[in-house]
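Here the structure is laid out as structure tokens; the discussion comes afterwards.
Protein chains: 2
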Amino acid sequence: MSMKPMKASLAFEEAKRILLECVAPIERTERVSLLEAAGRVLAEPVTAPVDVPPFARAAMDGYAVIAENTFGVNNANPARLTLLEVIHAGEIARQAVAAGTCTQVATGSPLPAGADAVVQVENTEVEGGGPAGGRVRIYSPVYPGQNVSKRGRDLPAGREVLAPGVCLDPGKIGVLAALGLTQATVYARPSLAVLPSGNEIVPPGEPLPPGKIYDINSFTLSALIRTHGATATILPILPDRLEAVRRGLTEAAETHDLVVISGGSSVGERDVMLEAVEGLGELKFHGIAVKPGQPTLCGLIRGKLVVGMPGYPASCLINGYTLLVPVLRKLARLPACKAGPVELPMSRRCTSTLGRHQYLPVRVERGEVVPVFKESGAITSMADAEGYIEIPANVDLVEKGERVLVTFF
Amino acid sequence: MSMKPMKASLAFEEAKRILLECVAPIERTERVSLLEAAGRVLAEPVTAPVDVPPFARAAMDGYAVIAENTFGVNNANPARLTLLEVIHAGEIARQAVAAGTCTQVATGSPLPAGADAVVQVENTEVEGGGPAGGRVRIYSPVYPGQNVSKRGRDLPAGREVLAPGVCLDPGKIGVLAALGLTQATVYARPSLAVLPSGNEIVPPGEPLPPGKIYDINSFTLSALIRTHGATATILPILPDRLEAVRRGLTEAAETHDLVVISGGSSVGERDVMLEAVEGLGELKFHGIAVKPGQPTLCGLIRGKLVVGMPGYPASCLINGYTLLVPVLRKLARLPACKAGPVELPMSRRCTSTLGRHQYLPVRVERGEVVPVFKESGAITSMADAEGYIEIPANVDLVEKGERVLVTFF
Numbered sequence: 001m002s003m004k005p006m007k008a009s010l011a012f013e014e015a016k017r018i019l020l021e022c023v024a025p026i027e028r029t030e031r032v033s034l035l036e037a038a039g040r041v042l043a044e045p046v047t048a049p050v051d052v053p054p055f056a057r058a059a060m061d062g063y064a065v066i067a068e069n070t071f072g073v074n075n076a077n078p079a080r081l082t083l084l085e086v087i088h089a090g091e092i093a094r095q096a097v098a099a100g101t102c103t104q105v106a107t108g109s110p111l112p113a114g115a116d117a118v119v120q121v122e123n124t125e126v127e128g129g130g131p132a133g134g135r136v137r138i139y140s141p142v143y144p145g146q147n148v149s150k151r152g153r154d155l156p157a158g159r160e161v162l163a164p165g166v167c168l169d170p171g172k173i174g175v176l177a178a179l180g181l182t183q184a185t186v187y188a189r190p191s192l193a194v195l196p197s198g199n200e201i202v203p204p205g206e207p208l209p210p211g212k213i214y215d216i217n218s219f220t221l222s223a224l225i226r227t228h229g230a231t232a233t234i235l236p237i238l239p240d241r242l243e244a245v246r247r248g249l250t251e252a253a254e255t256h257d258l259v260v261i262s263g264g265s266s267v268g269e270r271d272v273m274l275e276a277v278e279g280l281g282e283l284k285f286h287g288i289a290v291k292p293g294q295p296t297l298c299g300l301i302r303g304k305l306v307v308g309m310p311g312y313p314a315s316c317l318i319n320g321y322t323l324l325v326p327v328l329r330k331l332a333r334l335p336a337c338k339a340g341p342v343e344l345p346m347s348r349r350c351t352s353t354l355g356r357h358q359y360l361p362v363r364v365e366r367g368e369v370v371p372v373f374k375e376s377g378a379i380t381s382m383a384d385a386e387g388y389i390e391i392p393a394n395v396d397l398v399e400k401g402e403r404v405l406v407t408f409f
Numbered sequence: 410m411s412m413k414p415m416k417a418s419l420a421f422e423e424a425k426r427i428l429l430e431c432v433a434p435i436e437r438t439e440r441v442s443l444l445e446a447a448g449r450v451l452a453e454p455v456t457a458p459v460d461v462p463p464f465a466r467a468a469m470d471g472y473a474v475i476a477e478n479t480f481g482v483n484n485a486n487p488a489r490l491t492l493l494e495v496i497h498a499g500e501i502a503r504q505a506v507a508a509g510t511c512t513q514v515a516t517g518s519p520l521p522a523g524a525d526a527v528v529q530v531e532n533t534e535v536e537g538g539g540p541a542g543g544r545v546r547i548y549s550p551v552y553p554g555q556n557v558s559k560r561g562r563d564l565p566a567g568r569e570v571l572a573p574g575v576c577l578d579p580g581k582i583g584v585l586a587a588l589g590l591t592q593a594t595v596y597a598r599p600s601l602a603v604l605p606s607g608n609e610i611v612p613p614g615e616p617l618p619p620g621k622i623y624d625i626n627s628f629t630l631s632a633l634i635r636t637h638g639a640t641a642t643i644l645p646i647l648p649d650r651l652e653a654v655r656r657g658l659t660e661a662a663e664t665h666d667l668v669v670i671s672g673g674s675s676v677g678e679r680d681v682m683l684e685a686v687e688g689l690g691e692l693k694f695h696g697i698a699v700k701p702g703q704p705t706l707c708g709l710i711r712g713k714l715v716v717g718m719p720g721y722p723a724s725c726l727i728n729g730y731t732l733l734v735p736v737l738r739k740l741a742r743l744p745a746c747k748a749g750p751v752e753l754p755m756s757r758r759c760t761s762t763l764g765r766h767q768y769l770p771v772r773v774e775r776g777e778v779v780p781v782f783k784e785s786g787a788i789t790s791m792a793d794a795e796g797y798i799e800i801p802a803n804v805d806l807v808e809k810g811e812r813v814l815v816t817f818f
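Protein chains in written order, with my numbering: chain A, 1 to 409; chain B, 410 to 818.
Printed below as a string of structure tokens:
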């Protein structure tokens with residue numbers, strides 16, 4: 001075995017650009033129930049088949065009137081209108097409102113025929129005791145259309161109300177419900193294969209033989225992938241043999257939208273992986289000038305992106321957040337994460353390596369940024385982290401108290 | 410029917426405080442697979458049953474040596490050590506390293522017995538051609554422990570590594586995997602009943618009779634509830650009759666952790682709801698000085714919180730974000746949402762009502778805050794919103810260009 005230390009020359013932003021170029025937004029679609037649609041991406045335009053609201057309706061509790069009958073009234077000189085009937089929400093008026101009459105309506109009641117405005121109950125008074133057949137005093141004038149929601153005002157029939165590509169949040173699901181729809185056509189969740197690699201790893205739950213460690217990366221990556229709109233299937237651990245790696249990669253690429261190789265930390269494994277990817281498809285890059293996460297691999301097999309992640313748990317997961325998530329969200333057609341970074345002061349001095357872009361896992365304590373990185377091999381480096389800061393390649397020192405931008409996971 | 414306009418006097422923050430007081434964090438637990446554990450809240454302490462890493466291991470590709478054998482070496486005067494064997498990741502050394510010898514190791518390899526440091530491959534050279542039985546020149550000294558990850562350095566056996574109450578993110582799931590665990594005991598998702606109310610509403614998918622509208626609020630609320638760690642079950646629509654409301658509320662409270670009444674916009678419906686809650690349990694408040702969202706109800710039935718939401722879709726959903734979500738996250742034991750508000754300038758002048766705390770739905774366009782509110786009855790008021798701004802009760806005007814805090818949904 002010859003040990004060739006990897007040359008890391010590719011800048012982080014360039015690596016990210018290449019990775020993003022290698023995936024196209026997913027085209028497969030599926031129908032889902034409105035109850036399962038939150039967070040999914042709409043795949044077809046939705047046009048209002050009906051007016052919403054489907055009829056002119058009262059926007060206030062009060063009395064439906066002909067506005068003209070109220071012009072010029074005031075507390076001293078109220079209009080006196082004959083009450084035709086009382087209608088509740090969901091009921092239809094039996095009689096049309098004519099000059100000198102009114103109908104009691106509740107918020108949301110269809111406006112009775114003939115009426116063109118609603119007087120708020122606060123500005124009225126019922127004469128005598130019972131309302132039926134009685135008279136109502138109107139103390140304030142209303143203009144035509146006042147306190148009325150016109151038919152189709154919210155969503156007129158025929159209008160495209162949601163465009164393909166929008167992510168369905170509770171508000172947009174409400175629009176679909178308002179139109180009477182129970183399902184939506186959405187883009188399928190991308191299916192990712194997580195391919196554990198390395199002779200030293202054993203699946204959790206099995207006994208741990210001497211010299212072996214449990215597979216961590218497949219589980220951190222699967223959790224991350226599922227959080228960002230895709231499905232993750234953990235495949236059997238790849239042994240460190242070229243033929244087995246070739247077979248595993250081919251099968252994974254044929255049956256999934258994207259393949260993530262979760263680890264393989266030693267030079268020998270990296271060499272086998274490199275040879276397999278070069279033989280089966282096209283190697284795009286191998287090695288990035290970023291810390292942690294340097295031994296990252298990118299290739300195309302059967303037209304599918306294959307991403308080889310660093311073997312060390314902290315490196316693998318930081319890479320997941322900074323490189324895999326943007327790729328995944330492009331593939332799933334999800335918008336970039338919105339929550340912007342927050343500027344806070346460093347709790348202590350912190351050094352970095354010149355020439356390598358660094359992602360430093362941190363947490364926020366009492367308004368200060370506390371680095372939690374121990375070493376790339378330590379999963380606890382990431383278990384305590386709430387987010388990360390970036391230290392550019394040309395910076396070797398961040399002073400205590402210096403303000404840095406924290407991106408939360 | 411007597412129409413009593415509701416008195417809205419309770420301040421928003423006071424209403425929120427009362428609502429939060431009415432729920433206790435959930436106590437039920439369940440076991441879930443590590444693959445389903447993301448976003449769940451750990452319900453028991455996790456203690457490392459084994460050391461992680463389970464053995465001292467090489468932190469670099471290179472040669473395992475006795476550090477003392479390298480003291481004082483340099484490029485002109487290298488140490489010359491006999492190579493005992495080559496071990497890969499996951500393999501165990503057959504021989505102990507003794508004075509004058511070394512063993513080739515890969516990153517992650519268990520450190521052979523006898524060795525106490527690793528010399529990086531970059532600082533070595535193999536004499537002659539093949540490695541087996543040959544000699545290796547060591548050009549740089551190492552101190553004892555250098556380039557070695559000690560056994561238990563990441564997680565020592567017996568240490569409590571995760572405390573109950575932590576929310577399992579990918580990093581923490583990695584810790585569980587590192588310990589060989591395949592499941593975790595987590596708090597159950599709270600089960601919420603969503604109880605549609607109102608004679609005027611019809612479930613989406615059914616034909617729409619005259620004067621009726623589709624149920625929107627049950628779907629917006631269910632989407633919101635599921636996004637914040639709980640389950641939502643939409644129950645049959647409550648008719649506007651006291652006995653039916655009493656029966657519906659009692660059943661919902663008996664079988665769920667929290668009951669949300671999604672609507673009932675008219676005074677008559679509100680009166681029936683009020684009477685039912687007062688008769689079955691304890692009414693905490695009815696009406697808040699907030700816009701939109703004024704006709705909000707809070708009560709306890711069978712010890713369960715019952716929240717009555719405004720009937721108007723925009724009011725209902727804004728209330729969902731500002732009042733229900735904090736209550737829900739306390740119940741589910743989830744931390745408050747982390748992403749802080751972002752300060753941005755208003756795109757235009759905007760008025761508010763003095764004496765009422767206002768939540769205004771907005772979206773961000775070209776770095777400016779654009780109000781999207783049309784009217785409380787319009788679901789499109791919320792479909793275009795990305796977040797909201799708050800206008801305090803003592804402010805009646807926000808000028809164009811004024812900087813406001815946007816909280817994203």
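A virtual CB, placed ideally from N, CA and C, is assigned to each residue, including glycine.
Within chain A, no C-beta atom comes less than 9 Å from the C-beta of B/His637; the nearest is roughly 10 Å away. Considering only A/Ala98, A/Leu83 and A/Ala64, the residue with the shortest C-alpha distance to A/Gln120 is A/Ala64. Residue-level contact check: B/Met682 does not touch chain A, since none of the beta carbons of chain A fall below 8 Å from its beta carbon. The C-beta of B/Ile501 comes closer than 8 Å to at least one C-beta of chain A. Assignment of B/Ala526 by DSSP, reduced to helix, strand and coil, places it in the strand class. Pairing B/Pro719 with B/Thr705 gives a Cβ-Cβ distance under 8 Å. Annotation for A/Glu254: the continuous alpha helix (DSSP H) segment containing it runs Leu242 to Thr255. Under the 8 Å criterion on CB atoms, A/Thr255 is classed as non-interfacial with respect to chain B. Exposure of A/Gly100 is indicated by the presence of fewer than 16 other C-beta atoms within 10 angstroms of its C-beta. Beta-bridge annotation (DSSP): A/Cys337 is not paired with any residue. If you ignore the 5 residues before and after B/Ser627, its C-beta comes within less than 7 Å of the C-beta of Val603, Pro605, Ile643 and Ser671, all in its own chain and listed in chain order. In the three-state reduction of the DSSP assignment, A/Ala157 falls in the coil class, being assigned neither a helical nor a strand state. Taking 8 Å as the threshold, the shortest C-beta distance from A/Tyr139 to chain B does not fall below it.
For A/Pro196, there is no enclosing alpha helix (DSSP H); the residue is part of the beta strand (DSSP E) that begins and ends at Ser191 to Pro196. Taking 9 Å as the upper bound on Cβ-Cβ separation, chain B lies near residues Ala177, Ala178, Leu179, Gly180, Leu181, Thr182, Gln183 and Gly198 of the region 177 to 198 of chain A.
B/Ile622 carries a strand assignment under DSSP once its states are collapsed to helix, strand and coil.
Between the beta-carbon of A/Ile288 and that of A/Leu10 there is about 5 Å, and that keeps the pair under the 8 Å contact cut. With respect to the 8 Å criterion, A/Glu368 and A/Ser347 are classified as neighbours on the basis of their beta carbons.
In the three-state reduction of the DSSP assignment, B/Gly708 falls in the strand class, which pools E and B. Counting only Cβ-Cβ distances below 8 Å, A/Lys150 has no contacts in chain B at all, with the closest Cβ about 11 Å away.
One Cα belongs to B/Asp624, the other to B/Pro770, and the distance between them is close to 21 Å. In this structure B/Arg765 does not touch B/Asp793 by the C-beta definition: roughly 23 Å separates them, more than the 8 Å allowed. In the DSSP assignment, A/Thr103 falls within the beta strand (DSSP E) that extends over Thr101 to Val105. In this structure, the straight-line span from the alpha carbon of B/Asp666 to that of B/Asp649 is close to 24 Å.
Three or more beta-carbon pairs separated by less than 8 Å are not found between the region 199 to 212 of chain A and the region 312 to 319 of chain A, which leaves the two stretches without contact. Cβ atoms of A/Val260 and A/Leu221 come within 8 Å of each other, at about 6 Å. For A/Val52, the closest of A/Val370, A/Val175 and A/Ala37 by C-alpha to C-alpha distance is A/Val175.
The three-state reading of DSSP puts B/Ser558 in strand, counting E and B together. At a cut-off of 8 Å between beta carbons, B/Ile798 makes no contact with chain A. The distance from the Cβ of B/Ala641 to that of B/Tyr552 is about 60 Å, inconsistent with a contact at the 8 Å cut-off.
Taken atom to atom, the span from the alpha-carbon of A/Val277 to that of A/Cys22 is near 15 Å. Proximity of B/Met791 to chain A, defined by a Cβ-Cβ separation below 8 Å, is satisfied. Nearest neighbour of B/Arg426 by Cα position, chosen from B/Phe694, B/Arg568 and B/Ala586, turns out to be B/Phe694. If only uninterrupted beta strand (DSSP E) runs of at least 3 residues are considered, those enclosed by the region 372 to 399 of chain A are 387 to 391. Judged by DSSP in its simplified three-state form, A/Glu13 adopts helix. Secondary structure at A/Cys22: coil, using DSSP grouped into helix, strand and coil.
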